[in-house]
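See structure below.
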Amino acid sequence: MQTSCRGSWKVKPQSPTYSRRISVYFGSLDVGVKVRDDVTLPSDIHGHGRLNHLRQKRDTITYALEYIVVVEVNVSELVFMQQLKSFSLQLDNSTKISTVDITTVCQLNNTGYQCRCEDQYVWPCDKCMEYGQCNGTTKSSCYCINGIPNDGKFCQPLHDMSNGKTPKNMSLTIDEKFDIALTDPTSVKFQNYKSTLENAINDSYRNMSGYRLGSAKILRFRPGSIIVDFTITTTMNDLDFSSANSALSQVLTKEGFKVAENSFAYTEEYDLVQSPGKIYPLQDVQFNCAVPNDVKGNIQWRVGGVDPSLNPVKYNILNNTRTLKVINASAVDSGIYECITQNNSLRFIQWQRIVIQPYPNIQVNPDKVYKCDTVSIPLQCCAHSSYTVVWTKDSLAPLTPPGPGSGCIVYNYTVRKQDCEAGDKKVIFTCRLSDNSLSVFNYSSKNVSISTTLKAFTCTDSSFGVGIVNQIAFRHCNGNETGLQWAECKETGQWSIISNNCTLRAIQELTEIAEYLDIEEVPVFAANLSQIAMNNSDIITTVPVNLLKVVDLLSKLATISKTESFTVDKNVMMDFLKTVNVITSEKAQATWKSLNDGDASRNTCSVLLQAIENIGSSLSNDSFSIEMSYIRLVRNLSSFIHETFITNSTTQIRFPETSRVFPVTVIIFSALNVVLPVRNANSDSSQTQASIGDLAVIEGESAVNKVSLVFDVKNKSLGKAQCVFWNFSLLNGIGAWDSTGCELKPQSSQAERLTCECNHTTSFSILMSPPDFPDNDALTYITYIGVCISMGSLVLCLIIESLTWKSMSKTDTSYMRHVSTVNIALALLVADICFIIGAAIGKKGQKTPVGPCSTVTFFIHFFYLALFFWMLLSALLLLYRTVIVFSRMSRTMMMTIAFTVGYGAPLIIALVTVAATSGNGGYIQEEDTCWLNWNKTKAILAFVIPALVIVLINLLVLITIVYKIMMSGIGARIQRDEKHTIVMIARCVGILTPLFGLTWGFGIGTMVSSAFGIHLVFAILNSLQGFFILVFGTLLDKKIFGALLRRWRWTNMSSNLTGSTSEGTSASNRRGFYHVFPSRYGYNLSDAAYSSHVPSNITESFKFTDK
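Residue numbers (UniProt numbering): 1 to 1107.
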């Protein structure tokens, strides 16, 4: 390491003449050299130098010349500086370097140069403020700064700083809530306060003896009300501040500040703790009060404003009250320590803010046993970011270099099979802090043992080790997460994760910081939280434990702002809302659903909303606004607020006219319905079918007794609007919606807007619930009975089609007509079976199981669509056979087209629906039944729209055919057999299409209406669709009926012929047989039928005639 020294070299002449001081610069760093010489040095000495610190000094006895020469020396070894201090050199007969004083030592570390003053030297105030002190404080003078001054100045002697030239450090306390903006020197408020206070101090102190006019400078603002640290320059030590401070109090009171006369003090930020570097847990910390000679009175200590003598177990006061000792310090002891004495009429306060590091919390995986084999085992060790750690084996030399802070180190330990074949083996590894000075503390290390065995186990894994079936093991989370993962050994030989509470390490460290968060650290904390939330939005919104931690951090941030009595500025509020924007996004909806349903986490939404209200009530009185995608904040508008949040949606808030403007905060959330469940005092269950409008969080004066809110109706299909606010006390503190004090006002002129009036300010919204659908057991019975009838009818239809298939499919048109009928019946039958299965899976009032319900819903959707597409094919066949009479497609071509359209199109629609909606859990209904989702994604439209479009197309086809027949007489050109088939297709399409269309029209009505009649008609029509297909598609076809009769008669005739005896068949038997059917369907029997000779070809002897 290269070190630069600045010092003074004294050169002493042998014969005196006169004296002066010069500065000579060599290189880039200065060393002060004091020279005493008999010769005259030119005043314009150069050599990269300039004349500096000229001082004439006459020695009345020797008349010797004495010079201080400033020189820079770059050294690579610190020992050279010790040699310089004892350095002397006789330059010639009249000149000698007598002493060397090192003033400044600058060293390069990981962050840059730091320049420290040697003993009896100090940096002036301007350098401490400009470059910043090494320990992060901002005292007026200091011993170390972060950088090398570019103006050539270096540490100054203490006696020069105290000769009327050193600023006096003072403070005054303003009785006002601390504004976090005062921690930012670039903020408008900081600049305004700084200018006002400096002018007031100068005006009030100008007549005080010894005060240098215009020297008042504001250094900083600190919390504790508002503590103003400032500095003034005086020409004398003893000052009378009584009249000046009285005048200053009056001036500041006129400016609107509340200042008491006894709020002034001498104040110095001082290194009460002399030891440099970090302070670690369990160390004893000693504070020493350096009382100036002119300071009188007893010494008093304060820790965070509290007298430490009240806690003698924790604090010891020693050395005649000059020393305060903290026993076994920990992070909770971080804060401001003050040493208070009396200096004339003012208090003299030395103070220091210290930070005690948190415990390292070293995390290593538990002891593990592994099967004897050649395997690489990763050993992970994690610790807090304030520490570095190393792995060691058997407490020997480190196996790894020190790991970086805020992360983990991994050592891969390789087990060789030949090393453990002789028997079980155990090796102990230690993860310890790299700082050996902390080894005396029990938190400095943790051990982990790795054992290898020849025994057989069911499960083996490099992370969980080995185990038998049902054994439970755990490990620490990997990489950038902290927490535990629990796994169970399964019969398959794999470890299965059963519990996971892994939290982002960055969030966990913020949680530790939040425990002892200082007010001045709030802006940085809020900015870090929002940045972490945005950078890790996916893992935060989808992992409940991460989302819970973020909500907890927001709550702590808001609580600090309320309890520590400070106001929040726009920047902090913007960072706060950025974090809220992340955790209330659509991606977090499923996570919030699980939190609201969980017994231990149901109040999480209340915690978040309470945090929003708390920090909203702590905003500064400045007027500002913040706008994000779904959040809008307006501050300090008390008469009328009208802000647009998303396109075509407005929310208005109106306050009654007042004679004065009072501060008010309005925050509108357009997406907080993701977070807040719809529950009230009477029902603590989340009603997923209800909708929440925009949420308006209003924080204002308690004197406001009337607020008007105008909301847009987001979902016009919903009704039963109710004006509500979130009551945190309901349901034993869980929180729920409450309508007390709020009233819905009629808005006749604007049906799409709703107006609420409430007599208090809090978090308001409007609940839009769907109608109360009838929960009638009669509908359930009608549905199940109708479905059973439908399924029986469809089975009968398929049986009839199979029995009459050969005789009814002789022509292409008849063949395709019956193919369509069979597939319509088959599709509806499978859909009804899936409906029964779905009804058994989904229970009313309970959540639907995603896996089984999704499968059933897919098949119901697919086969219902297939039903309608085969109906469409029937209509297209009708159009084809009536309009294009003389054109013929092959039966194979028609079958290919039919099955491609009949099943291919429904399959595509069903698959696209799954792909488009299942990703965010919006494919199926969340409760009650297994069917396509309506409330969340409107997935049911993927069935309703194609079905209704097909109904419309079929009706247009029927109209077209009727028109063609009437206008051009197409029917005359159609063959007689074809004409019957076409008539039956037309009858089937003409009746079933409106019937099915009417059914699903009522189905849409059930989603938006609670009328019992609509639900009853839909239940009847929907459950009896199979019966309608049997009647209008099969039984009303007289040819099918005739074919059935022929087949039945033929079966009976064959039976009679087989059972005939030699005596023949009696006339009574024949007569009875003939009268079984109506006369329209009779037999013409040849004479051979009654002869003793049975023809060889029975079909030649019997035939049906249509009478």
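The C-beta atom is built at its ideal place from N, Cα and C for all residues, glycine as well.
- Under DSSP, Lys745 takes part in a beta bridge, and its partners are Thr755.
- Looking at the DSSP output, Gly335 shares a beta bridge with Ile354.
- In this structure, Ile174 lies near Lys258, with their beta-carbon atoms less than 9 Å apart.
- Within the same chain, Cβ atoms closer than 6 Å to the Cβ of Pro167 are found at Cys125, Ser140, Thr231 and Thr233, the five residues on either side in sequence being excluded.
- C-alpha of Pro308 to C-alpha of Glu268: approximately 20 Å in a straight line.
- The count of Cβ pairs closer than 8 Å, one atom from the stretch 722-738 and one from the stretch 661-674, stays below three, leaving the stretches out of contact.
- Taken atom to atom, the span from the alpha-carbon of Tyr923 to that of Thr848 is near 11 Å.
- Distance from the CA atom of Thr321 to the CA atom of Ile377, rounded to whole angstroms, is 56 Å.
- Along the length of the stretch 904-932, whole alpha helix (DSSP H) runs at least 4 residues long occupy 905-917, reported in chain order.
- Residue environment for Asn109: exposed (fewer than 16 other C-beta atoms within 10 angstroms of its C-beta).
- Per DSSP, Met170 is one residue of the beta strand (DSSP E) stretching across Lys168 to Ile174.
- Secondary structure at Gln300: strand, using DSSP grouped into helix, strand and coil.
- Our two residues, Ala915 and Cys930, have alpha carbons roughly 17 Å apart in a direct line.
- A straight line joining the alpha-carbon of Ser496 with that of Leu633 spans about 47 Å.
- Annotation for Arg602: no beta strand (DSSP E) segment contains it, and DSSP assigns it neither H nor E.
- If you compare the alpha carbons of Cys853, Val707, Met791 and Ala839 with that of Ala827, the shortest gap goes to Met791.
- Between the stretch 278-285 and the stretch 352-360 there are three or more C-beta pairs closer than 8 Å, enough to call the two in contact.
- Taking the CA atoms as reference points, Ala905 sits about 52 Å from Phe457.
- Between the alpha carbons of Ser601 and Ile1020 lies a gap of roughly 43 Å.
- Ile653 places its beta carbon less than 9 Å from that of Leu709.
- Taking 4 residues as the minimum length, the alpha helix (DSSP H) runs contained wholly in the stretch 352-421 are 417-420, in order along the chain.
- Per DSSP, the unbroken alpha helix (DSSP H) holding Cys834 starts and ends at Asp812 to Ile841.
- Each of Ala290, Asp461, Pro398 and Phe862 was checked against the Cα of Lys371, and the nearest Cα belongs to Asp461.
- A straight line joining the alpha-carbon of Ile940 with that of Lys368 spans about 52 Å.
- C-alpha of Leu1016 to C-alpha of Asn823: approximately 28 Å in a straight line.
- Residue state for Gln846 is assigned as coil, using DSSP reduced to three classes.
- In this structure, the CA atom of Val545 is about 10 Å from the CA atom of Val551.
- Secondary structure of Cys502 (DSSP, three-state): coil.
- Straight-line spacing of the CA atoms in Thr559 and Ile180 works out to 14 Å.
- Bounds of the beta strand (DSSP E) holding Ala736 are Ala736 to Asp738.
- DSSP places Leu108 in the uninterrupted beta strand (DSSP E) bounded by Lys96 to Leu108.
- Closest in C-alpha terms to Ser385, from the list Val410, Gln250 and Ala506, comes Ala506.
- The C-alpha of Arg475 is placed about 8 Å away from the C-alpha of Val364.
- The C-alpha of Leu731 lies about 6 Å from the C-alpha of Ala681.
- Bounds of any alpha helix (DSSP H) do not take in His760, whose DSSP letter is neither H nor E.
- When DSSP reads this structure, Asn343 sits in a beta bridge with Leu346.
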